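This report concerns only the one structure given below.
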Amino acid sequence: MPLIDAVDIQDAQGELEKEYLHFLTSMIEVPEHYRMFSSSVGLMKARRGLEDYYVSHPKFSFKLVCFIRLMAAHALKFEPCKTFNLRLLKTKEGLLDKWANMPLKDLKEAPLPENEKAMLLFTIKTLKSPKSIKPRDLEPLRAFGYTDGDILDAAHLAAMVKTEKELFALFKMGK
């Protein structure tokens with residue numbers, strides 16, 4: 779049983795209802811792991827602001843944003859986030875189920891342009907072995923025209939998946 783209350787979509791009112799409707803309009807559904815933020819409408823608004831920032835990022839395609847979250851969730855074994863991002867990729871990008879369980883070693887096969895594959899590989903490395911990141915890991919990204927801000931943005935996007943997984947487990951959500 780969850781340790782904090784999450785408001786169901788049909789029970790949402792006021793500001794929370796607006797937040798849910800915004801998510802339903804832009805993302806097709808309100809994912810299970812996002813509903814835990816309904817306990818704090820202020821945090822949910824801040825979280826949505828980050829989501830809006832990433833999906834309108836000038837250097838990241840929608841597909842890259844979803845792939846970073848999907849592969850981060852896959853690496854971290856965070857099923858609700860993985861399921862949601864796979865559904866987004868299937869619905870909005872027409873991708874196949876085979877990407878759901880793609881081994882992390884096969885990320886070079888992701889259907890992304892080379893610059894975005896490089897960013898995807900980097901972000902997963904930041905999760906799996908953050909202390910191993912060296913200047914040479916950033917050089918190819920800069921060569922593709924990514925700024926340090928873009929690199930930080932991508933690493934932060936992956937780190938958000940990790941944080942949400944930890945909060946989801948902490949509050950025993952989804953059980």
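Counting in the working numbering, the sequence shown runs from 779 upward without gaps. We put the CB at the ideal spot given by N, CA and C, even for glycine. None of the values given here were measured: they were computed from a predicted structure.
For residue j and residue i, the rounded distance between their alpha carbons
i: M814; j: T925; result: 33 Å
i: E942; j: A932; result: 16 Å
i: E917; j: K886; result: 18 Å
i: S818; j: E892; result: 39 Å
i: A921; j: P889; result: 20 Å
i: L848; j: G792; result: 31 Å
i: R914; j: E810; result: 38 Å
i: I806; j: A824; result: 19 Å
i: R826; j: E797; result: 8 Å
i: M938; j: H852; result: 14 Å
i: C859; j: E829; result: 13 Å
i: G923; j: R865; result: 30 Å
Environment of residue i [buried if 16+ CB atoms lie within 10 Å]
i: T869; result: exposed
i: T901; result: buried
i: P908; result: exposed
i: P836; result: exposed
i: K912; result: exposed
i: A936; result: buried
i: Y831; result: exposed
i: M779; result: exposed
Proximity below 8 Å, CB of residue i to CB of residue j
i: I929; j: L945; result: no
i: S816; j: V785; result: yes
i: L821; j: K950; result: no
i: K940; j: L905; result: yes
i: L842; j: E894; result: yes
beta-carbon residue i near the ligand ZN non-hydrogen atom, thresh 7 Å
i: Y831; result: In the structure shown, the ligand ZN is absent, as is every other ligand, since no ligand is present at all.
Three-state secondary structure (DSSP) of residue i
i: T904; result: helix
i: I846; result: helix
i: G923; result: coil
i: L868; result: According to the sequence displayed, residue 868 carries Lys and not Leu. Reduced to three states, the DSSP call for K868 is helix.
i: M822; result: helix
i: Q791; result: coil
i: H835; result: coil
i: A937; result: helix
i: M897; result: helix
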